[in-house]
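In what follows, a structure is listed as structure tokens, so that the remarks can point back to it.
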Amino acid sequence: GVLRDFKMAIKYYTLASQSGHVLAFYNLAQMHATGTGTVRSCSTAVELFKNVAERGRWSEKLMQAYADYRDGRIDAALVKYAFLAELGYEVAQSNSAFILDRGESKHFPKNETFAWALLFWNRAAAQGYSVARVKLGDYHYYGYGTTIDYETAATHYRLASEQQHNAQAMFNLGYMHEQGLGLKKDIHLAKRYYDMAAETSADAQLPVALALVKLGLLYGFAYLKEQQWDKLLPKFSPSDALGPDWDLYVMTVMAILLGVLVYFRRA
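The numbering of the sequence shown is full-length UniProt numbering, which starts it at 1 and goes up by one.
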């Protein structure tokens, strides 16, 4: 009853897919796969076909798994999530990893939970879930389920930062540049990543503000050392005086002082 117009078809299929219409997802996938009415894109087609597959009857098990977890049947939930994870459900993969990460399951010995969680985080990250990518960085940074590898940790943080614009990943990269862990020690790059984190997420602004104050102290120490003024002043090393985690103590004190300041200003 109307002229054939593939571009209009894509427009209406897209609108229908936004309402969760499965057939619209399928038809859009076919058009992207064949280049009908649009530029051919296999990656877009795969993503759309994945949406169709995840809306099958078996997806009801996701709700069953959630109900089990909510009611405290942790192992039953994990079994269902692990089954769906094998089918490729990203939500199931990340939920399986979450349960194992928290050590809530009795199915796995404590010394194996992180290794299994790492496997599920890896699968979820491969599907573009930025939280899972950051978790992979954390596992390699702290040595959970694997050996400590700062360079690999930095690689995962960089992927989460560049591909998904994850503020936590940006903050972590700033810290690693600040400390020279797995990356070249560079105060200027550290500040750049801290600033990016603050611009990306409002939640990161307070941690970034504290980190920048600490970075200013480090820059001051480095400047004094370059000018050889440290020879004229009593020798002072934060690490020697407060221990290797001195920066955490400084940030904690600054956070308390900031909280007190905000309290009195509001009062």
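Every residue gets a Cβ at the ideal spot worked out from N, C-alpha and C, and that includes glycine.
Check                                                                                                                                                                       : Outcome
Of the residues Q18, Q205, A97, G88, which one's Cα is nearest the Cα of E112?                                                                                              : A97
From the DSSP output, in three-state form, read off E54 for me.                                                                                                             : coil
Between A169 and G128, what straight-line distance do the alpha-carbon atoms span, to the nearest angstrom?                                                                 : 14 Å
Is the beta carbon of Y150 less than 8 Å from the beta carbon of L181?                                                                                                      : yes
From A167 to Y144, what distance separates their C-alpha atoms?                                                                                                             : 22 Å
How big is the Cα-Cα spacing for G218 and Y194?                                                                                                                             : The amino acid at residue 218 is misidentified as Gly; the sequence shows Leu. L218 and Y194: Cα-Cα distance of roughly 15 Å.
Counting along the chain, where does the alpha helix (DSSP H) carrying K7 start and finish?                                                                                 : 6–18
Tell me whether the region 32–46 and the region 55–75 touch, counting them as touching only if at least three CB pairs, one residue from each stretch, are closer than 8 Å. : no
If you measure between the beta carbons of residue 279 and H32, is that distance less than 8 Å?                                                                             : With the chain covering 1 to 267 only, the question about residue 279 has no answer from this structure.
Work out the CA separation of S105 and I148 for me, nearest whole Å.                                                                                                        : 24 Å
Would you mind sorting Y142 into buried or exposed? The rule is 16 or more other CB atoms within 10 Å of its CB.                                                            : exposed
At which residue ranges does the region 143–181 contain complete alpha helix (DSSP H) runs of 4 or more residues, listed in the order of the chain?                         : 150–164, 167–179
Assuming A92 and L84 make a contact with CB atoms under 8 Å, what is their CB distance in whole Å?                                                                          : 4 Å
Below 8 Å between beta carbons: does that hold for L183 and H156?                                                                                                           : no
Going by the CB atoms, is the gap between V79 and V52 shorter than 8 Å?                                                                                                     : no
Taking the alpha helix (DSSP H) that L62 belongs to, which residues open and close that run?                                                                                : 60–70
Between which residues of its own chain and S130 is the CB-CB distance below 6 Å, once the five residues before and five after are set aside?                               : A160, Q164, N166
Do you know how far the Cα of A154 is from the Cα of Y139?                                                                                                                  : 11 Å
With DSSP run on the structure shown, which of helix, strand or coil describes A76?                                                                                         : helix
Specify the secondary structure class of H107 as computed by DSSP and reduced to three states.                                                                              : coil
Write down the C-beta distance between L48 and F25 rounded to the nearest angstrom, noting that I regard them as a contact closer than 8 Å.                                 : 5 Å
A197 and A190: beta carbons closer than 8 Å?                                                                                                                                : no
If you run the structure through DSSP and keep just helix, strand and coil, what is S94?                                                                                    : helix
Check the C-beta distance from V67 over to Y81 and give it rounded, since I have them as a contact under 8 Å.                                                               : Looking at the sequence shown, residue 67 is not Val but Ala. In fact, because the Cβ distance is near 12 Å, the residues do not count as touching under 8 Å.
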